[in-house]
Every structure is written in C-alpha cells, then in structure tokens.
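Remarks on the structure that follows.
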Amino acid sequence: MTPPGATLRPLIEARGVTMRFGGVTAVADVDFTLGEVELRCLIGPNGAGKSTFFKILTGQLKPSEGRIRLRDTDITGAEPHAIARLGVGIKTQVPNVFNGLTVHENVFVAAGRRKSLARTRAIVDETLTRLALTGIAGRLVGQLAHGQRQWVEIATVLAQEPELILLDEPAAGMTHDEVHRTAALIREINRTHALIVVEHDMPFIRMIAKTVTVFNQGRILVEDTVERVLADPRVRDVYLGKQAA
Amino acid sequence: MDLAGLLAFNVLTGIATLILITLGLGVIYGMMRIINLAHGEFMMLGAYTAVMASGAGVNIWIAMLVLPPLVVGLIGLILERTVIRFLYGRMMDTMLATWGISLGLIGLITTLYGNVVRGVSTPVGSFDIGRYGASLYSLVILATALSALAALFLLLRFTKFGLILRATMQNPRMAAALGVQPSRIYMATFALGAALAGLAGGVLAPISGVSPAMGAAYIARAFITVLGGGPAIITGTGLASTLFGAINELVSFKTTPVIGDVALLTAAILLIRVLPQGITGRYLRRSL
Amino acid sequence: MNPALPARRASALGFAATLAIGLAILFGAPHVLDTFGLVQCTGFAALAMFGLSQGFVWGFAGVMSFGQAAFLGLGGYAYAVAVINMGDSSIPVLLSILVPMAFAGLLGYFMFYGRISDAYIGVITLTVSVILFQLVNATSGSQYRIGAAELGGFNGIPAIPALNAPFHPDEPLDIDGIWYAAMGALILVYGILRAVLAARLGRVIVAIRENEIRAQLIGYDPRLYKLIAFMLAAGVAGLAGCLYANWGGFISPTVFALPMSAQVIIYVLVGGLGTLVGPMLGAVLIQALIIAAGSQTVVDSNLGLGLVLVGFVLLVPQGLLPVARSAALRLVARVRTPRPGKAADTFATERAR
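In structure tokens form, the structure reads like this:
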C-alpha cells in the first residue's frame, strides 16, 4: 500500500501517441495516464480512435509516433506477448478464445504459463467459480452463446493473474442480466486491479465508471468524472454527429 | 558485344516465358485467392492440344495459339463447375482438390496417350545476333507474352466484363447487391486462368518435351512468382517475372540451368520474406 | 469433478489401445508374414512415420508445411552419406534426425520470425523441397561426393549399408531385425509425440493453432512454438527417411519431389487431420492402394490417387478416422442411454483443422 501523501506513479503513461494508416490519422497526439488500481472508461463515437488506441496499448499495433510506458518499462511497439508477460491482460473486441477447446481447457492454458500444475489447477477452479462457469466447464467454447464466450474470454484474462486489465467492449452482445453481472465483476476486480474499459453501452458505463476519457476524431475531447462527462453538451453533440466546438 | 546482345535477348525471352507461365495462375489467385495446384497440368493439356492438333494436320499457328486456350478454357470451366465451386472460402481444401485434379489429369493423359515424350517442331527458323544464332521462335514467345499481357490489361481496364471482374474481386457482396452473380464471375475467371495456362502450354510446346508430367517443372516457379508479384495481377506478374526471369537467365548463363532455376526460386523466397505481400502489396498498390 | 477427466480417460484409453495394437503387430508380424510381406510392412512403417510428421506439424501445430519431403530426403541422404563414410550406422541414425532438424531450424526461423502468412508457408516449403530436388538431381558425376559417398544425381545412392546393432558395425541387422527397428521406432515416436501433446508444450502448440492472438495475449510467443513444432516434425520425417533408405537399401532424388510431398498430405487427409493414428492408417491404406494400383493396368495410379484425393476433399473432408470415431461414439452413446442422445460433450476432443 502506498503511504498516504505520496504521489502515485502512473501505471500507464502515454505521450504523443499518433497512428496513421496511409492517409488516415486514426489517433492524433494523444496523452494518456492511468494510475494504479484506477478504472478508466474510454468512450466515443465510431471511428473516434479509441479501439485503435486500445490496440496500440496492447501491442497489436505499433504507433507511428509517441511513447507508452508501463511503470518503468517502455512498451512502445513491443510484441503483444511481451506486453502480456509484463502483467497486462487483454480482452479483444471480437472475442479471441480457443473455439475448439473446452471452457476448462481455455482457462487452463491461460492460467498455466510458468506455474506449477497444482497452482494452475487452483487458479482454474477459482476463476471458473468466480465467473460462474463451472456448469459449462466441459462445453466447447465454439458452441457457446456470445455472452458466455465473452465471459470465457474474461476468465482467460483473469486466470493470467494480470495487474492491468484491458477490456474492449466486454458488454457487447450480453443480455440485461449478464450486463449487470459483468458490471459487478468489474467493480469487484477494480478493488485490486487497474482496468481500462472501452465501451459503447451507456447504462453499463454508468454502472462501472469513475473517470471517463472521451475520444473524438483521434483526439481526446474531454477527460473527467462520469457525471460531468455525461452532462457535457460537447460529448452529446459528438455522439449525435455534430462538430465538436 | 554480340554476347551482350545474345544475353539481353535471352533475358527478354526468359522474362516473357515466365510471364506466360504465370499469367493464368495470377488471374485465378488474384481474383479468388485460390491456389490452383493444377496449373502446370493445364499447361500440359495446352501442350498436348498443340501436339495432337498439329499432328492431325491443323495449321501450326492455330494449333498453338488458338486451340489450346479454347480447349483448356473449356476444361477449366467444367472443373470449376464440378469441383472448385463447392470449395470457395476453403483455401486448404481448394489446394488439396486442385492437387488431386493435377494428379488425375496426369493419370488421364498417361492413360490416353502413354508416358512418351512428344514434341512438335518450331515453325520458324533462327536468325543471327552478331556471331551467335538465336531462335526466331523466341520472338514468337515474346510477342505472345506481350500480347497476352496487353489483352488482359485492355480487358480489365476497358471492358464492362473487366470492370465487373475487378469489382467482384474487391467486394463480392457489393457486386452481388448490384446484380452481379459472383459465382458466374468466378466461373469465368477460372476458365480465363485455365485458358491462359493452356496458351502458355501451347506456345511452349515446340521448345519443351511434352509429356504427362511436364507440368511439375513449372508449378513451383509459377507459384512463387505470383506470390512475389503481389495482389495486382498485371503489374505484379509483370514486375515479378521481370525480376525473377532476369535472375534466372543471368545465373543460368554464368553457371548451369539447374543453378539458374534454383536461383530463381531462392530469390523469390527471399523477396517474400522482405515483402510478405509481394511487390505490389507495398508498391503500386492501386495498379491493375 | 474435473470435467476434463472423462475426455482424458477416453484419450488415455485410446493411447493404450493403440500401443497394444502396435506391440502386437511388432511382435506378431515376423511370425505371420513371409519375408516379402515383412519387407513391405517395414516400408509401411517408414511411411507411417512420415505421415506422423505431417500429421503433427499440420494437424496439431497448424503449420501448413507442404514440403515435408524435404526432411524425409535430407534424413535419408544424411543417413546414406554418413553410413557409407563411417561404416557403423549408430551415428548416422542420429544424423538422419539432426540434419533435417537443423535445416528446419533455419528455414523455420526464416519463415516464422519473418511473419510469413499461413498459405505462403505451404508454397515456400513446397518450393524448398523442389529446390532440393533440383540440386540433388543434378549431382551426377563422381565429382559430387561427400567423403566416400557419391551423390549419384538422378540415379541416387545404391547399396546403402543397412542398420547394424548399436555400435557393432560387424553385426548388421537381418530382415527381422530391420522390421523390429522400424516398427519399434514408429511406436516410440508415436509415444513421444503423444507425450509432447499431453505436456504443456503440446497444449500451447495446439492453443496457438486454435487462436494465435489469444495465445499471444496470454504471453506465449507463437513464432517460437511453431518453430519448435516444425523442427520436431522435421526430425521425425528425417528418421522416417533413414528407415526409408533402409527399406530399399537405396535412395534417389525422387524422395524430394512433388509426388512425395503430395502423398504424405493425402495420408493425413484420408486418415484424419488432427489425429496421430489417422495419418499412420492413411499411409498404410494409400501405400497399399498404390501397390495394388501399380500391379493392375485398368486405372493409372496417378488418376486413381487424384480421384481419391478429390473425392475425399469433397465428401469426407475430415478424413476417415474422425468419421469412424464419431460414428463409434454415436453408437456407444446410443448403447449406453436408452433414448437417442447427443454424444457427451466431454468426449469432443476432436481438434478441428
């Protein structure tokens, strides 16, 4: 625990991040900071650059310019597996799970990297219970409903025991109840872990968010508490398609 | 000086040969991303058409330039309708099925015509480059390659059919929404690719031994040239053929034809390593 | 209860059954077959091992290596050259495994760390095998030799000394001995591959095939694991090459050629992609078919093979073993429960392609 009064060193610090695809600038000169055990939501209309920025954080894209640090390590342009090894768990927009393996096997592979068999088994049992997946543990993931696949993916992320968790649209395709459960899960995870969540679902955002960063046209439009952001007329305009001031 | 002239002439011929060999495969791969492992056998069928037709008394030029594309194009059409069209989107399976077709065609021709090496003589003589004699037939190859390339370009660029082809290549669903039947286009494209392969086989018949297994000599280099060229059919094939054809001829000249072949294949592999999408994956992307 | 257990039990049962059958064949064959039959079966064993290598690298690692013939040939030639020079077969056997592995290491590094896409890997490996064919085929003439061994060009290397008892070059193995060596090696390699797949290494390799992105995001470097799988398969193919050379006492450049690469793919396809037993069965079946086809004159063997391949792709794309297995499972499920029910999900250990 950090002694009171000490300034918290940021967990993630991004400076001047820019991403160009040919003639299109998807992300333009973005500065971004995330503190330890902080929960941040990234929102913005389609094409605003939040998913691209997310992919840069996860190493799936290498930025055209800028630097990103995870604590003291420069992770700009690092390979995704290297970033994952630094303790970052990532859930992608389109669920990336092992369709041909069972739920149990999925979580096992995720949990087992560099751990003893006993420890791996313990993590798998814990994670399956936490996400209420024990009932379907023997099912092939490829045959599950979309919401369940999302949870399996979240389970694989948690099973890695990461410090920072990045979730891209975790509530997509979920039923009302599933959305509530996911929000509760995220709040619970946030007690000990930092999270960045990219989302579209406004009610879901309200359930979990504290600080929100709004992307628009590749830049950060506003970054503030969820109440102030959702009340901000510029944010509403941007979602309704009008030009931001 | 004469030697340089001869060498230059050989390089041009080598490039032209490679263009001819590769064009049909490039059309099919460029359009449908299908790896047609029966390409060499389509060429073989074209060569057999030329040999059989000219043996039956047909005019040699018709036997080499007109009949093979027609015959092999038709065969390609039939194969597309009976086998290939069930496998679109299944890249592995099309590779395997076309491999099966390739074996089947070899077996069929062996059954019909036996395992002998046939030939047809070149219809034109030779000329001199300084002190060296060069075959006029190389000019025929050059002319055919350039004409085929030009004709394909004109087809793709200026005809309605070519436009529909390019549109379907880029976005089959959108084309379908506009009333085009992608399945018809794929059928036509496969037939076109087969016809071009047949043409190559027909034109090359006088200078290669025609036997059922002759296709194997061409498939590897045709493939690797298509992949090296990249997604653009005409510029890709043209550029890759130029590069690899030149390397092939120059190295063959210095050492042996076998080493020359190996050099071509090795150079292509190295190029793909550096440019994983092929030449036109990075440069001249918008070209045809 | 750990839901993975029934699947694991079924899988262990299958392994035990296969081992038992294999051992039965190993010890039974010399008593049941005549000399000619035993030699045939030795060839089957070599090709079955070749099939294993393709089945492993393609079906389990998801690497579309279409030029496994390159490693078969390198192994065979490495053995031949080494045993002619050394006189004792013990080290050459090792070389037949290590030389292809080293080559695979270089080629694999070139391909996987160069981020070459799946389809291109197929064409590149095929091309490499063609390159090797061209090179070795052109080595006619006595100047092309490695030590005392002339490479022989398109005629190949004849009269290759057979395997001898380890480190006893004066005790060459007889026909029975070579059978035991070949079939024994096959069973051993099968066991090793099974063990690899059950271990963490194998699970990661399969996971990478299932979803490379997710495997990366867990922290595994897919390039490394593909390279390992590729090298392992090359070693297996190399050993198969050594056995192949012993089978006929002879090796020629055709071992590198396209038909060889095609054949092993057909073994896997017919037997079942994603299994280990399938490719072995496929090898025996197809080889038997080829031999039967060769001895008749009604249908050309290429034609027959081509029709089989196309037929399988269109009609039985999964291959024989998975079809047989799921048919057997349906039968078992129907026998166990009075009402028609779906086969338990926990038995669904089929690895799709």
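Each protein sequence line maps, in turn, to chains A, B and C. Under the numbering used here, the first sequence has 184 at position 172, and the numbering climbs by one with no breaks. Under the numbering used here, the second sequence has 314 at position 224, and the numbering climbs by one with no breaks. Under the numbering used here, the third sequence has 510 at position 352, and the numbering climbs by one with no breaks. Cβ atoms here follow ideal geometry from the backbone N, Cα and C, with glycine treated the same way.
Check: What are the complete beta strand (DSSP E) segments, minimum 3 residues, inside the stretch 17-57 of chain A?
Finding: 24-33, 36-46, 51-55
Item checked: CB of ALA128 of chain B within 9 Å of CB of ALA140 of chain B, strictly -> In this structure, the beta-carbon distance from ALA128 of chain B to ALA140 of chain B does not fall below 9 Å.
Margin query: Please report the distance separating the alpha-carbon of ILE369 of chain B from that of ASN295 of chain C.
Written below: Spanning the alpha carbons of ILE369 of chain B and ASN295 of chain C requires a straight line of approximately 31 Å.
Next item on the list: Whole angstroms is fine: what's the gap from LEU427 of chain C's alpha carbon to LEU465 of chain C's?
Entry: 13 Å
Notebook entry, point to check: Taking one C-beta from the stretch 133-143 of chain A and one from the stretch 90-105 of chain A each time, how about it: are there three or more such pairs within less than 8 Å?
Noted result: no
Next item on the list: Could you say which of B:ALA295, B:THR315, B:ARG256 lies nearest to TYR138 of chain B if we only look at CA atoms?
Entry: B:ALA295
Check: So which residues of chain C does PRO92 of chain A contact, with C-beta pairs closer than 7 Å?
Finding: GLN374, LEU375
Note to self: Suppose the cutoff is 8 Å on Cβ atoms and the five residues either side in sequence are ignored; what does the same chain contact list for PHE408 of chain C look like?
What the structure shows: GLY314, ILE315, PRO316, ALA317, ILE318
Margin query: Can you pull out the residues from the stretch 187-207 of chain B whose beta carbon lies closer than 8 Å to at least one beta carbon of chain C?
Written below: ALA187, TRP189, GLY190, ILE191, SER192, LEU193, GLY194, LEU195, ILE196, GLY197, LEU198, THR200, THR201
Note to self: Restricting to Cα atoms, I'd like to know which of C:THR200, C:ALA491, C:ASP192, C:LEU230 is closest to SER410 of chain C.
What the structure shows: Out of C:THR200, C:ALA491, C:ASP192, C:LEU230, the CA that lies nearest to the CA of SER410 of chain C is found in C:LEU230.
Notebook entry, point to check: In this structure, does DSSP put THR225 of chain A in helix, strand or coil?
Noted result: strand
Next item on the list: Establish whether the CB of ASN160 of chain C and some CB of chain A are separated by less than 9 Å.
Entry: Low local confidence applies: a pLDDT of 49 at ASN160 of chain C is under 50, so the model's placement there is unreliable, with the coordinate-based value given in what follows. Any Cβ of chain A closer than 9 Å to the Cβ of ASN160 of chain C would place that residue at the interface, and such an atom is present.
Check: Are the CB atoms of ILE309 of chain B and GLY136 of chain B nearer to each other than 9 Å?
Finding: no
Item checked: For ILE105 of chain B, three-class secondary structure by DSSP -> helix
Notebook entry, point to check: If you measure from the beta carbon of MET121 of chain B to each beta carbon in chain C, is any gap under 9 Å?
Noted result: no
Next item on the list: Take the Cβ of PRO215 of chain A as the centre, count every other Cβ of all protein chains shown within 10 Å, and call the residue buried at 16 or more, exposed below.
Entry: exposed
Check: Which one of C:VAL422, C:GLU308, C:PHE291 has the shortest CA to CA distance from GLY299 of chain C?
Finding: For the set C:VAL422, C:GLU308, C:PHE291, the Cα lying nearest the Cα of GLY299 of chain C is the one of C:GLU308.
Next item on the list: With 8 Å as the C-beta to C-beta threshold (strictly closer), list the residues of the stretch 280-312 of chain C near chain F in chain order.
Entry: Checking the listed chains, one finds no chain F in this structure; the protein chains it contains are A, B and C.
Margin query: Does the stretch 65-78 of chain A come into contact with the stretch 31-43 of chain A, if we say contact requires no fewer than three beta-carbon pairs (one atom in each stretch) closer than 8 Å?
Written below: yes
Item checked: beta strand (DSSP E) runs wholly inside the stretch 140-195 of chain A, at least 3 long, in chain order -> The stretch 140-195 of chain A contains these whole beta strand (DSSP E) runs: 176-180.
Item checked: Residue interval of the alpha helix (DSSP H) (run including ARG81 of chain A) -> That residue, ARG81 of chain A, is in no alpha helix (DSSP H); its beta strand (DSSP E) goes 77-82.
Check: Does DSSP classify THR104 of chain A as helix, strand or coil?
Finding: coil
Check: Going along chain B, which residues have a C-beta under 8 Å from ALA420 of chain C?
Finding: TRP189, LEU193
Item checked: At least three beta-carbon pairs within less than 8 Å, the stretch 186-197 of chain A to the stretch 104-119 of chain A -> no
Check: Hey, quick one: how far does the alpha helix (DSSP H) through GLU91 of chain A stretch, first residue to last?
Finding: It is not in any alpha helix (DSSP H) - GLU91 of chain A carries neither H nor E in the DSSP assignment.
Check: Taking all protein chains shown into account, do 16 or more other C-beta atoms lie within 10 angstroms of the C-beta of HIS205 of chain A, making it buried, or fewer, making it exposed?
Finding: buried
Note to self: Which same chain residues end up closer than 6 Å to ALA266 of chain B when comparing Cβ atoms and leaving out the 5 residues on each side of it in sequence?
What the structure shows: PRO272
Notebook entry, point to check: Enumerated in chain order, which unbroken segments of the alpha helix (DSSP H) with a length of 4 residues or greater are wholly contained in the stretch 277-361 of chain C?
Noted result: 333-356
Checklist line | DSSP state of ARG126 of chain A mapped onto helix, strand, coil | finding: In this structure, DSSP gives ARG126 of chain A a state outside helix and strand, which the three-state scheme calls coil.
Notebook entry, point to check: Can you list, in chain order, the stretches of the beta strand (DSSP E) that have 3 or more residues and sit fully within the stretch 387-472 of chain C?
Noted result: none
Notebook entry, point to check: How far does the alpha helix (DSSP H) with VAL161 of chain B in it reach, from first residue to last?
Noted result: 157-172
Check: Does the Cβ of ILE168 of chain B have 16 or more other Cβ atoms within 10 Å, making it buried, or fewer, making it exposed?
Finding: exposed
Notebook entry, point to check: Cβ of ILE105 of chain B within 8 Å of any heavy atom in the ligand GDP?
Noted result: The model depicted lacks the ligand GDP and carries no ligand whatsoever.
Check: By DSSP, does SER247 of chain C sit in helix, in strand, or in coil?
Finding: coil
Check: Going by other Cβ atoms of all chains shown within 10 Å of its Cβ, with 16 needed for buried, is ALA183 of chain B buried or exposed?
Finding: Note on identity: in this sequence residue 183 of chain B is Asp, with Ala being the wrong assignment. Classification of ASP183 of chain B: buried, given that the 10 Å Cβ count is 16 or more.
Check: Which residues in the same chain as MET13 of chain A place their Cβ atom closer than 7 Å to its Cβ, once the five residues preceding and following it in sequence are excluded?
Finding: The predicted position of MET13 of chain A is uncertain, since its pLDDT is 49 and thus under 50; a value taken from the coordinates is nonetheless stated next. Hits under 7 Å: none found.
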